[in-house]
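Here the structure is laid out as structure tokens; the discussion comes afterwards.
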Amino acid sequence: MKRLLILGGTAEAVRIATDLAQSLDFEVVYSLAGRTRMPALPECAVRYGGFGGIAGLRQYLLENHIDAVVDATHPYATQMAIHARTATDATETPIFKFLRPPWEEPTDERWLHAATPVEAANIVDGKFFRVFLSSGLGDITAFAYLTNTWFLLRSVERPDTPISLRQHHHVAARGPFDLKAETDLMRKWSIDALVTKNSGGTATLAKLRAARALGIPVVMIDRPPPPKGSLYTELGPMIAVIRHRLR
Ligand code: NAP
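Its first residue numbered 1236, the sequence shown is counted upward by one per residue in my numbering.
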């Protein structure tokens, strides 16, 4: 039996873990950073919390006799991706990286591109005043200086710590979201701009479609470069390769 460590925090990671854990060939450990109080979980062993950097992950791999790592973290979880690649190189542990394809900008639409949340805040500054800030609660401090802008925030859970934005409303909701609900939400709160990350996938795509339908500009915080090395953008082929290579 092979021991697999799955670095999770995405819907795809749950699917990979659930699929491989059903096989008698694998013992699967699903790993989460531990920031969400009620995360979606696969039916396998789960561990929570950081490893303690590259050295900590390296030690974890050796001490737990991990045969392979699957990195299926979010496309913006760059630190974890780099740590995983470096620690597996050092221990000569096979690694399989899954990266969800990004959303494509429609040819007849112009997104306002930002490389970072700070750049996105600069785009909003003085131009937009009713913003749906859906890029994740981790980014909101970059927008805190925009005291004349009102923000609609959405996350799976209400944050434990106070929100640093002067004017805002928080909605706790877990995707997937549909076009009608997203359109109604943006209309209800008179949104004049959507700020988002290019997460890809279908669960949160409707917000882009709704913004397009309503003529609301999109401020897109672009993806960081992918980690070096090979990666998979489809689950089926990746799971098939893992099964084959770890026989
Ligand atoms: P990050 O900046 O790349 O990671 C920061 C640190 O958090 C890592 O160095 C590691 O700590 C710990 N960590 C991250 N993912 C982990 C995992 N799956 N298991 C154990 N430790 C983990 O990542 P992040 O942006 O904080 O994202 C954290 C988690 O949330 C990821 O699992 C990601 O898939 C998920 N997520 C992120 C986003 C986003 O927009 N960034 C969106 C949705 C979900 P140590 O160095 O101590 O090992």
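Backbone N, C-alpha and C define an ideal beta-carbon position, used for all residues, glycine too. Keep in mind the model is a prediction, meaning the values are calculated, not measured.
request  = Kindly indicate which residue of 1405, 1456, 1278 has the alpha-carbon position closest to the one of residue 1350.
outcome  = 1456
Alpha carbon of residue 1295 to alpha carbon of residue 1324, nearest angstrom = 14 Å
query = Of the residues 1360, 1241, 1246, 1430, which one's Cα is nearest the Cα of residue 1437?
reply = 1246
From 1442, 1423, 1252, residue whose alpha carbon lies closest to that of residue 1431 = 1442
query = If you run the structure through DSSP and keep just helix, strand and coil, what is residue 1331?
reply = strand
key: Chain-order list of residues whose beta-carbon lies under 6 Å from that of residue 1279 (same chain, five-residue window excluded)   = 1252, 1256, 1263, 1265
query = Just to confirm, does residue 1368 get its C-beta within under 7 Å of one of the non-hydrogen atoms of ligand 1?
reply = no
key: Whole-angstrom distance between residue 1404 and residue 1238, CA atom to CA atom   = 44 Å
message = For residue 1332 and residue 1477, what's the separation of their Cα atoms in angstroms?
response = As the crow flies, the alpha-carbon of residue 1332 is around 11 Å from that of residue 1477.
In chain order, each beta strand (DSSP E) run of at least 3 residues that lies wholly inside the segment 1322–1410 = Within the segment 1322–1410, the beta strand (DSSP E) runs of at least 3 residues that lie entirely inside it are, in chain order, 1330–1332, 1347–1349, 1365–1368, 1385–1390, 1402–1407.
ask   = Roughly how many whole angstroms lie between the Cα atoms of residue 1317 and residue 1249?
value = 21 Å
ask   = Going by C-alpha distance, which of 1463, 1240, 1382, 1243 is nearest residue 1363?
value = 1382
message = Quick check: the Cα distance between residue 1466 and residue 1259, rounded to an integer number of angstroms?
response = Roughly 25 Å between the two C-alpha positions.
inquiry  = Check this for me: beta carbons of residue 1392 and residue 1271, under 8 Å apart or not?
reply    = yes
key: Same chain, Cβ closer than 8 Å to residue 1458, neighbours up to 5 away in sequence not counted   = 1310, 1311, 1337, 1432, 1433
ask   = What does residue 1254 pair with, by DSSP beta-bridge criteria?
value = None; residue 1254 has no bridge partner.
ask   = Roughly how many angstroms separate the alpha carbons of residue 1290 and residue 1297, rounded to a whole number?
value = Counting only the Cα atoms, residue 1297 lies some 11 Å from residue 1290.
query = Which value, in whole angstroms, describes the spacing of the CA atoms of residue 1236 and residue 1261?
reply = 5 Å
Bounding residues of the beta strand (DSSP E) (the contiguous stretch that carries residue 1237) = 1237–1242
ask   = Taking 7 Å as the cut-off, does the CB of residue 1242 come closer than this to any heavy atom belonging to ligand 1?
value = yes
query = Which residue's Cα is closest to the Cα of residue 1460: 1306, 1327, 1313, 1369?
reply = Measuring from the Cα of residue 1460, the nearest candidate turns out to be 1313.
task = Determine the direct distance from the alpha carbon of residue 1378 to that of residue 1353, and round the result to whole angstroms.
result = Residue 1353 and residue 1378 have their C-alpha atoms spaced approximately 7 Å apart.
ask   = Is residue 1484 near ligand 1, going by C-beta to nearest heavy atom under 7 Å?
value = Past the edges of the chain, shown from 1236 to 1482, lies residue 1484, and the structure says nothing about it.
query = Taking the continuous alpha helix (DSSP H) assigned at residue 1419, which residues delimit it?
reply = If you look at residue 1419, you'll find it in the alpha helix (DSSP H) that goes 1414–1423.
message = Are there any heavy atoms of ligand 1 lying less than 7 Å away from the beta-carbon of residue 1362, as far as the coordinates show?
response = no
ask   = Alpha carbon to alpha carbon, what distance is there between residue 1423 and residue 1463?
value = Rounded to whole angstroms, residue 1463 to residue 1423 spans 43 Å at the Cα level.
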